[in-house]
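The structure appears below as structure tokens.
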Amino acid sequence: MRLAGKIAIVTGAAGAIGSSIARRFAQEGADIC
Numbered sequence: 101m102r103l104a105g106k107i108a109i110v111t112g113a114a115g116a117i118g119s120s121i122a123r124r125f126a127q128e129g130a131d132i133c
């Protein structure tokens, strides 16, 4: 995925799946809200 310059809103980021998704999006360059 190429997410540089994109903004991602991840709900449930305190849980296991949401946390993993937030980390992955951040690795791909997204700004996490």
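Everything in the sequence shown is counted per my numbering, starting at 101 for the first residue and increasing by one.
The C-beta atom is built at its ideal place from N, Cα and C for all residues, glycine as well.
- Sequence-distant partners of A113 (beyond 5 residues in either direction) whose C-beta falls short of 6 angstroms from its own C-beta, in its chain, are S119 and A122.
- Assigned with DSSP and collapsed to three states, I121 falls in helix.
- Residue environment: A116 is assigned as exposed (fewer than 16 neighbouring CB atoms within 10 Å of its CB, all protein chains considered).
- Between D131 and I107, the C-beta spacing is below 7 angstroms.
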